[in-house]
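Peer 1: Handing you a structure now.
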Amino acid sequence: MRFVCLLTLVLLFSAAAPARLAPKIVERNLQPHFEKYGVQGSFLLYDAPAGQFVAYNPARCRQGFLPASTFKIPNTLIGLQTGALPDTATLCKWDGVAREFPQWNQDMSYGRALRVSCVPCYQQLARRIGVEQYRAWLPRLRYGRMAVAPATLDTFWLDGNSRISQFEQVDFLRRLHAETLPVAARHQRAVKQLLILKKTSEYTLYGKTGWRFRSATNPDNGWLVGWITRADGRTALFALNIEPKGGQAANNRFMGARRAITESILQELQWL
């Protein structure tokens, strides 16, 4: 009888307990930052101390896009965890094919390959990881909705049906920043070090760009995802996604616009 009463109290308390609320979303008009570079897009920031999101174009922040080279973050983690990549100092041998970006046309470590966003190096890594390992690990990492098949093994993050939203990017980065992904902590720390874009006495800025190149069916689409940690310990995680206006081809400013827009927004939001 005593057990039944105790169980009843527990059930009543559980029913009365408030559900955990989703973080608040504060909308900001950040359009002038995009207009300056002739692009359209959206921006999402998770203010960790405040426990809330700041968003420009939040509906678009929920849309899925190909991850492009932002996928190098989970790709490196999966490579390290499975042993397909012994460490980030492992050499990627140039295959001798001259490509549009001269910095890709050389042997380099995978640490450098991530920093210069060398697609051919990571295609080599994808072929070593294999379809089955991706299908096992991507759900565990909760990284968007990746469509991996044998025919698309070395392109599925660049073309096809894979998608990830800005909310999903930020959620993944929150877990990487906290080192709570189901991957060895040493691998998470190694990848985090590779993502450092700038370090000052006041803050450290982490990030990874991505660019889905224009095709007959898709516009140019650019990413910058990452986080900023202030010297006082405050952290904000962010995801920017942009496209040229009106479906036009990317111009010479598009590549630099991703970081320039992100930094100008972080300044307005008083993180830089």
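In mature numbering (1 follows the signal peptide of the UniProt record, and there is no 0), the protein residues as written are -21 to -1, 1 to 251. In this text, a Cβ means the ideal position worked out from N, Cα and C, and glycines have one as well. For clarity, every value in this text was computed on a predicted model and none was experimentally measured.
How should residue 75 be labelled, buried or exposed, when 16 other C-beta atoms within 10 angstroms of its C-beta is the threshold for buried?
Peer 2: When all chains shown are included, residue 75 counts as exposed.
Peer 1: Of the choices 203, 242, 104 and 212, whose alpha-carbon is the least far from that of residue 60?
Peer 2: Ranking the options by Cα distance to residue 60, first place goes to 104.
Peer 1: Using the three-state DSSP reduction, which class does residue 97 fall into: helix, strand or coil?
Peer 2: Three-state result, residue 97: coil.
Peer 1: In angstroms with no decimal places, state the Cα-to-Cα distance between residue 65 and residue 17.
Peer 2: Those two C-alpha atoms are separated by around 42 Å.
Peer 1: Using only CA atoms, which one of 102, 198, 199 and 184 lies nearest to residue 216?
Peer 2: The residue with the shortest Cα to Cα distance from residue 216 is 184.
Peer 1: Report the residue ranges of all alpha helix (DSSP H) runs contained in full by the segment 140 to 188; include only those spanning at least 4 residues, in chain order.
Peer 2: Whole alpha helix (DSSP H) segments, 4+ residues: 145 to 156 and 164 to 173.
Peer 1: What do you reckon, are the CB atoms on residue 141 and residue 203 nearer than 7 Å?
Peer 2: No, the pair does not count as a contact, with Cβ atoms beyond the cut-off.
Peer 1: Can you tell me the Cα-Cα spacing of residue 242 and residue 147, whole angstroms?
Peer 2: Going by the C-alpha atoms only, they are around 21 Å apart.
Peer 1: At which residues does the alpha helix (DSSP H) containing residue 233 begin and terminate?
Peer 2: Counting along the chain, the alpha helix (DSSP H) containing residue 233 begins and ends at 233 to 247.
Peer 1: Are the segment 45 to 58 and the segment 22 to 37 in contact at 8 Å, needing three or more beta carbon pairs?
Peer 2: At 8 Å Cβ cutoff, the stretches do not touch.
Peer 1: Between the alpha carbons of residue 158 and residue 171, how many angstroms are there, rounded?
Peer 2: Roughly 9 Å separates the two Cα atoms.
Peer 1: Report the rounded CA-to-CA distance for residue 181 versus residue 251, giving the unit in angstroms.
Peer 2: Their Cα atoms are separated by approximately 8 Å.
Peer 1: Under 7 Å, do residue 20 and residue 220 count as touching if we go by C-beta distance?
Peer 2: Contact flag set, yes.
Peer 1: Could you give the uninterrupted runs of the beta strand (DSSP E) lying entirely in the segment 29 to 89, keeping only those of 3 residues or more?
Peer 2: Complete beta strand (DSSP E) runs here, min 3: 31 to 35.
Peer 1: Can you tell me whether residue 27 is helix, strand or coil according to DSSP?
Peer 2: Three-state result, residue 27: coil.
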